[in-house]
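Everything on this sheet refers to the single structure shown next.
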């Protein structure tokens, strides 16, 4: 993250088109004696979801996160290739990420780490998992590129709830976040562009903007796809360059969370795309809108 408070998202000009015509159901069988638990939709929004044990510094943008501050944050890796994307723990055995992060068909190629802050050194807070199933939304990239940008990964075993690992809450299907709501983005994305991904987990506040305002800025931006570029399955946030907080390469798939009246954090967005130079001035950060996928999520993890 640059000192001026910029977080980063992996833009998807290449990956967004790689899986258009391929099957979206990928699965591997667990090893004999594996203790995989079948966890369905009943495990969404557990009473403890969205609760953090760390007070943190959430009023300050562009800072290192503290241990346990975002306990649902996941780190997705392609084995032998290193850090790929962010994600979030939505049940003890399911992680949610962006569809454009899924570049491999074989679930065994992926690993997921929870409870991680420094992505380059082992920490006692970490839990690492193999993946046994990958589900990409069947309408990903339809009717336009990067639409329906959501995927689910089933872990080979249940995550253990600790002060550093917990599930995030999901919104109701009809839930709409009002424009102006201050929410939070977290991830290991680039601190400056071009640059390598951040070593320590970063966090920053971002206000939600309406799709109408987002579309207006989108049309005038270098990445414009014209009318309809911002769809109902997308959610936008940012302050139009006032603080330079935005997403960039590496934050993709990570959570965008808002706090509800009960003090729990609800994931309203999945980091999806934005300006190719990570500029917060020319384009808002765009997320997959989680609420519209609630039924698909429930159906998928209940199969």
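Residue numbers (mature numbering (1 follows the signal peptide of the UniProt record, and there is no 0)): -23 to -1, 1 to 280.
All C-beta atoms, glycine included, are put in the ideal place defined by N, C-alpha and C.
Backbone CA spacing between residue i and residue j [nearest angstrom]
| i | j | result |
| --- | --- | --- |
| residue 73 | residue 251 | 20 angstroms |
| residue 45 | residue 161 | 15 angstroms |
| residue 100 | residue 188 | 40 angstroms |
| residue 61 | residue 155 | 31 angstroms |
| residue 357 | residue 120 | Outside the displayed range of the chain (-23 to 280) lies residue 357, so it cannot be described from this structure. |
| residue 88 | residue 79 | 12 angstroms |
| residue 130 | residue 204 | 33 angstroms |
| residue 163 | residue 104 | 19 angstroms |
| residue 90 | residue 264 | 22 angstroms |
| residue 98 | residue 58 | 16 angstroms |
| residue 30 | residue 153 | 27 angstroms |
| residue 262 | residue 214 | 6 angstroms |
| residue 235 | residue 84 | 30 angstroms |
| residue 270 | residue 135 | 23 angstroms |
| residue 245 | residue 66 | 14 angstroms |
| residue 63 | residue 50 | 7 angstroms |
| residue 148 | residue 239 | 13 angstroms |
| residue 277 | residue 128 | 10 angstroms |
| residue 86 | residue 54 | 8 angstroms |
| residue 186 | residue 206 | 15 angstroms |
| residue 71 | residue 201 | 34 angstroms |
| residue 56 | residue 102 | 21 angstroms |
Cβ shell of residue i (< 7 angstroms), same chain only, five flanking positions each side left out
| i | result |
| --- | --- |
| residue 23 | 144 |
| residue 27 | 145, 146, 241, 242 and 243 |
| residue 96 | 52, 60, 165 and 176 |
| residue 272 | 150 |
| residue 20 | 68 and 69 |
| residue 237 | 243 |
Supposed close pair residue i, residue j - CB separation, criterion 8 angstroms
| i | j | result |
| --- | --- | --- |
| residue 179 | residue 93 | Not really, about 13 angstroms apart at Cβ, beyond 8 angstroms. |
| residue 48 | residue 142 | 5 angstroms |
| residue 18 | residue 280 | About 10 angstroms separates the two Cβ atoms, so there is no contact after all. |
| residue 138 | residue 43 | Contact doesn't hold; Cβ gap of about 18 angstroms is too wide. |
Sequence-distant residues of its chain with Cβ nearer than 6 angstroms to residue i (five each side left out)
| i | result |
| --- | --- |
| residue 75 | 126, 229, 230, 247 and 249 |
| residue 159 | 182 and 184 |
| residue 157 | 184 |
| residue 114 | 76, 125 and 127 |
| residue 140 | 30 and 45 |
Segment limits, alpha helix (DSSP H) that includes residue i
| i | result |
| --- | --- |
| residue 274 | 271 to 279 |
| residue 192 | 188 to 196 |
Residues near residue i in its chain [Cβ-Cβ closer than 8 angstroms; skip 5 each side]
| i | result |
| --- | --- |
| residue 124 | 116, 117, 118, 208, 210 and 211 |
| residue 266 | 209, 210, 211, 212, 245 and 246 |
Where the beta strand (DSSP E) containing residue i begins and where it ends
| i | result |
| --- | --- |
| residue 230 | Looking at the DSSP string, residue 230 is not in any beta strand (DSSP E), and its letter there is neither H nor E. |
| residue 109 | 104 to 113 |
| residue 163 | 159 to 164 |
| residue 262 | 262 to 266 |
| residue 74 | 71 to 74 |
| residue 56 | Segment: none, residue 56 is in no beta strand (DSSP E) and carries neither H nor E. |
| residue 250 | 242 to 250 |
| residue 138 | Taken as a continuous stretch (DSSP letters only), residue 138 belongs to no beta strand (DSSP E), as it is neither H nor E. |
| residue 91 | 87 to 91 |
| residue 122 | First-last for residue 122: undefined, no H or E at that position. |
Does the contact criterion of 3 or more C-beta pairs under 8 angstroms hold for the segment 96 to 111 versus the segment 190 to 202? no
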